[in-house]
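Visitor: The following block contains the structure, expressed as structure tokens.
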Amino acid sequence: MQPLLELFDELCECTPDRREARLCEIAENDAELALRLRAMLKADATGTELIPHDIDAQASVAVDAWRAPDRSKYAFGAYRMVRELGAGGMGTVWLAQRRLGATESGAGVQQVAIKFMHRSNNAQLLKQFERERDALARLEHPNIARLIDAGVAPNGEPYIACEFVDGTPLVEFVRTHKLDLAARLQLIEALCAAVDYAHRRLLVHRDIKPSNVMVDHAGQVRLLDFGIAKALDAGGAEQTQSNPLSPAYAAPEQALGQPISTATDVFGLGLLLFELLTGQLPAQRRALTANDMAHKIGSETIEVPSYCNLAEIAAIDPVLAARDWPKRLRGDLDLIVLKALKREPERRYPSALALAEDLRRFRSGQTIAARPDSTWCRWQKLIARNRVLVASVSVMLMALLAGFGVALWQADIARRQAARAESVKDFVLALFKEQNPLTRDKARAATAGELIERGITTAQHQFADDTATQADIVGELAELQLG
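The opening position of the sequence shown corresponds to residue 178 in my numbering, with each subsequent residue numbered one higher.
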């Protein structure tokens, strides 16, 4: 495949005379290769120019010079076409059966999705098609449709055969299955893992949108179509002004022809997340065309998801019409979405994995990285995550505090009783000290009964505000009197 495409690029740059001479040289060594090159050059000569921007708006593209052939009965090599799955700016995708080995029984047949490049496209798009093949060849991830085969059909059309994902587009899946908030976030987290895997292999997808994300029958999200993927390690600078893209899902740097990076895919993931949470794209993205793309995207302000009018999509996604849905989006989820959709790439999440991690933190009640949290907020998150443990510790603390309080109360009672006993002792001793034979006057001598009666009367006046001490003194004197 590589020599074929390299030769094709070389021949496209040649003058007609030089091209014919070069084809004759190739035919001397490989006649079949020369025939394929002639077929490719003929197809390229009858085509239109590369679709520069909107790879989805096929209705607006003039392709009168060529129409996609009916391949319903087309077969080559091990492949037999079954039905068309879809068409885009680069080509058409067909469901095909791939014969395994020599058998033609059902057990020996594999379903694949084959992408054929439009004959109407030129050499530049052929290079793009080659990049998709090379990109897929480097990827082996459970959430990415894997490459099975690539080559050139007998009629000169390059093709890529990928694993056929029998499933439902992402947005349609969450609506038909009425997924709750946590399930929607988990799908985006899985998609983030696939995108991060591609990034670590130096590939940027550049076209993350609902039609390129499927959910299979097992509920597993699958990323498709690396047709406009960009290799970060590719030599030479790309002509960014001719990069293909989908306007509604393009990052600002794509719309403005600025350098592409992994942050471009983070923006695409943010738009998908916005759509799953609100049922629609941001206001300025709806009905966006390539003509007004640069102006609108260059100055757009993404609205806060929780402020969107969810009643508009209640009929197609009733889950979003729930009364508490805006409240669940408000706060952390708003911040996560808006951080992923920052206009400046450097202000977005540093990676797709960082976005997934913040979504996981939100689901588990942890502090998100989209904003610096106060100490009180972190404590609130900690308590919310560990309700049972916090409740148990709270009960223990309350029991300890109650016990400590009882002990303090009992100690206070003992202290007051001791104080009263000391007051009683001092009062009685002072009462009888007055009758010391060594210090008193004989005229002041009194009997024990008189002293006790005087002490009771004095105690009632002296301790009028302290009835407990008064009672203790009177009790003690009464016992003395009885004795």
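Where is the CB? At the ideal position from N, CA and C, for every residue including glycine. Since the model is a prediction, treat every value here as computed from it, not as a measurement.
Helix, strand or coil, according to DSSP, for Ile228 in the structure here?
Guide: As a working note, residue 228 is residue 51 in the sequence shown. The pLDDT assigned to Ile228 is 33, lower than 50, so where the model puts this residue is not dependable; a value taken from the coordinates is nonetheless given after this. In this structure, Ile228 counts as coil in the three-state DSSP scheme.
Visitor: Smallest Cα separation from Arg378: which of Val270, Ala406, Ser476 and Arg195?
Guide: Sequence index remark: in the sequence shown, residue 378 carries index 201 (1-based). The shortest Cα separation from Arg378 among Val270, Ala406, Ser476 and Arg195 belongs to Ala406.
Visitor: Taking the beta carbon of Cys339 as the centre, do at least 16 other beta carbons fall within 10 Å, making it buried, or is it exposed?
Guide: Within the sequence shown, the letter at position 162 stands for residue 339. Its Cβ being crowded by 16 or more others within 10 Å, Cys339 is buried.
Visitor: In chain order, which alpha helix (DSSP H) runs of at least 4 residues are fully inside the stretch 444-522?
Guide: Entirely contained in the stretch 444-522, the alpha helix (DSSP H) runs reaching 4 residues are, in chain order, 467-475, 502-506 and 509-517.
Visitor: Under the three-state reduction of DSSP, which class applies to Tyr336: helix, strand or coil?
Guide: Counting from one through the sequence shown, the residue named residue 336 turns up at place 159. Three-state result, Tyr336: strand.
Visitor: Taking 9 Å as the cut-off, decide whether the C-beta atoms of Leu450 and Leu362 are in contact.
Guide: Taking the first residue of the sequence shown as 1, we reach residue 450 at position 273. Taking the first residue of the sequence shown as 1, we reach residue 362 at position 185. Yes, the pair counts as a contact, with Cβ atoms nearer than the cut-off.
Visitor: What do you get for Gln435, buried or exposed, if any count of 16 or more other CB atoms within 10 angstroms of its CB means buried?
Guide: Sequence index remark: in the sequence shown, residue 435 carries index 258 (1-based). Gln435 is exposed by the Cβ-count criterion.
Visitor: Considering just the uninterrupted stretch of the beta strand (DSSP E) at Val372, what are its terminal residues?
Guide: As a first step, residue 372 is located in the sequence shown; it is residue number 195 there, counting from the start. First-last for Val372: Leu358 to Arg377, but that is the alpha helix (DSSP H), not the beta strand (DSSP E).
Visitor: Looking at the secondary structure, which residues open and close the beta strand (DSSP E) in which Val342 lies?
Guide: Indexing the sequence shown from 1 puts residue 342 at position 165. Element bounds for Val342: n/a, residue is neither H nor E.
Visitor: In whole angstroms, give me the CA-to-CA distance for Pro346 and Ala216.
Guide: As a position in the sequence shown, residue 346 is number 169, starting the count at 1. As a position in the sequence shown, residue 216 is number 39, starting the count at 1. Taking the straight line from one Cα to the other gives about 36 Å.
Visitor: Can you name the residues that DSSP bridges to Ile321?
Guide: The sequence position of residue 321 within the sequence shown is 144, counting from 1. In DSSP, Ile321 forms a bridge with Leu400.
Visitor: On the DSSP bridge list, what partners appear for Asp393?
Guide: Within the sequence shown, residue 393 is the residue found at index 216, counting from 1. BP columns for Asp393 point to Gly344.
Visitor: Less than 6 Å between C-beta atoms, sequence neighbours within five positions excluded: which residues of the same chain meet that for Phe604?
Guide: One-based indexing of the sequence shown puts residue 604 at position 427. The residues are Ile650.
Visitor: Quick one: what does DSSP say Lys250 is sitting in, helix, strand or coil?
Guide: In the sequence shown, the residue the question calls residue 250 occupies position 73. Correct three-state label for Lys250: coil.
Visitor: So, for Leu200: in the same chain, excluding its five sequence neighbours on each side, which residues have a beta-carbon less than 6 Å away from its beta-carbon?
Guide: Position 23 of the sequence shown, counting from 1, holds the residue named residue 200. For Leu200, where only same-chain residues beyond five positions count, the Cβ hits under 6 Å are Ala211.
Visitor: Thinking just about the alpha-carbon of each residue, which of Val289, Leu566 and Ile321 is nearest to the one in Glu261?
Guide: In the sequence shown, residue 261 corresponds to position 84, counting from 1. Glu261 has its Cα closest to that of Val289, out of Val289, Leu566 and Ile321.
Visitor: Distance check for Lys386 and Leu316, CA to CA, integer angstroms please.
Guide: Residue mapping note: residue 316 aligns to position 139 of the sequence shown, counting from 1. Residue mapping note: residue 386 aligns to position 209 of the sequence shown, counting from 1. Their Cα atoms are separated by approximately 19 Å.
Visitor: Would you kindly work out how many angstroms separate the C-alpha atoms of Val570 and Glu630, rounded to a whole number?
Guide: Here residue 570 is taken as the residue at index 393 of the sequence shown, counted from 1. Here residue 630 is taken as the residue at index 453 of the sequence shown, counted from 1. Taking the straight line joining both Cα atoms gives about 59 Å.
Visitor: Using only the alpha-carbon positions, how far apart do Val443 and Ala517 sit?
Guide: Start at 1 with the first residue of the sequence shown, and residue 443 comes out as number 266. Start at 1 with the first residue of the sequence shown, and residue 517 comes out as number 340. For Val443 and Ala517, the distance between alpha carbons rounds to 6 Å.
Visitor: Going by the CB atoms, is the gap between Ala432 and Arg525 shorter than 9 Å?
Guide: The residue labelled residue 525 in the question sits at position 348 within the sequence shown. The residue labelled residue 432 in the question sits at position 255 within the sequence shown. No, they are not a contact pair.
Visitor: Around the C-beta of His472, are 16 or more other C-beta atoms found within 10 angstroms, so that it is buried, or is it exposed?
Guide: For this step, residue 472 is matched to residue 295 along the sequence shown. Classification of His472: exposed, given that the 10 Å Cβ count is below 16.
Visitor: Can you have a look at Lys250 and say buried or exposed, based on whether 16 or more other CB atoms are within 10 angstroms of its CB?
Guide: Residue numbering aside, residue 250 sits at position 73 when the sequence shown is read from its first letter. By the 10 Å Cβ count, Lys250 comes out exposed.
Visitor: Quick one: is Ala242 buried, meaning 16 or more other Cβ sit within 10 Å of its Cβ, or exposed?
Guide: Taking the sequence shown and counting its residues from 1, the one referred to as residue 242 is at position 65. The pLDDT assigned to Ala242 is 37, lower than 50, so where the model puts this residue is not dependable; a value taken from the coordinates is nonetheless given after this. So Ala242 counts as exposed.
Visitor: Quick one, which of Thr644, Ser423 and Val496 has its alpha-carbon nearest Arg463's?
Guide: By 1-based counting over the sequence shown, the position of residue 463 is 286. Among Thr644, Ser423 and Val496, the Cα nearest to that of Arg463 belongs to Ser423.
Visitor: Could you check how far apart the C-beta atoms of Cys369 and Ala529 are, in whole angstroms? I think they sit under 8 Å.
Guide: Taking the sequence shown and counting its residues from 1, one reaches residue 369 at position 192. Taking the sequence shown and counting its residues from 1, one reaches residue 529 at position 352. Contact flag correct, Cβ pair sits at about 4 Å.
Visitor: With 16 other CB atoms within 10 Å as the buried threshold, where does Glu656 fall?
Guide: Numbered from 1 along the sequence shown, position 479 holds the residue referred to as residue 656. Counting Cβ neighbours within 10 Å, Glu656 comes out exposed, since fewer than 16 surround it.
Visitor: Report buried or exposed for Lys304, applying the criterion of at least 16 other Cβ atoms within 10 angstroms of its Cβ.
Guide: For this step, residue 304 is matched to residue 127 along the sequence shown. Under this definition Lys304 is an exposed residue.
Visitor: When the Cα of Ala255 is compared with those of Ala264, Val270 and Leu277, which residue comes out closest?
Guide: What you label residue 255 is simply residue 78 of the sequence shown in a count that begins at 1. The shortest C-alpha separation from Ala255 is found at Leu277.
Visitor: Would you mind working out which of Ser483, Arg196, Leu358 and Ala408 sits nearest His382, comparing C-alpha positions?
Guide: The residue you call residue 382 lines up with position 205 of the sequence shown. The shortest C-alpha separation from His382 is found at Ala408.
Visitor: Look at Asp501 and Ile545 and say whether their C-beta atoms are less than 9 Å apart.
Guide: For the purposes of this step, residue 501 is identified with residue 324 of the sequence shown, where counting begins at 1. For the purposes of this step, residue 545 is identified with residue 368 of the sequence shown, where counting begins at 1. Their beta carbons are not under 9 Å apart, which means Asp501 does not touch Ile545 by this criterion.
Visitor: Taking the straight line between their C-alpha atoms, what separation do you get for Val342 and Asp494?
Guide: For the purposes of this step, residue 342 is taken as residue 165 along the sequence shown, with counting starting at 1. For the purposes of this step, residue 494 is taken as residue 317 along the sequence shown, with counting starting at 1. The alpha-carbon atoms of Val342 and Asp494 are separated by roughly 24 Å.
Visitor: Taking the continuous beta strand (DSSP E) assigned at Gln293, which residues delimit it?
Guide: If you number the sequence shown from 1, residue 293 lands on position 116. Note that residue 293 corresponds to Phe in the displayed sequence, not to Gln. Segment Val286 to Met294, the beta strand (DSSP E) holding Phe293.
Visitor: If you follow the alpha helix (DSSP H) that Gln431 is in, where does it begin and where does it stop?
Guide: Within the sequence shown, the letter at position 254 stands for residue 431. Start and end: Pro429 to Ala432.
Visitor: Look up Leu409 in the DSSP assignment and say whether it is helix, strand or coil.
Guide: Taking the first residue of the sequence shown as position 1, residue 409 is located at position 232. Note: Leu409 maps to coil in three-state DSSP.
Visitor: Go through its chain and collect everything with a Cβ distance to Arg248's Cβ below 7 Å, but skip five positions before and after it.
Guide: Position 71 of the sequence shown, counted from the start, is the residue given in the question as residue 248. The residues are Met258 and Trp271.
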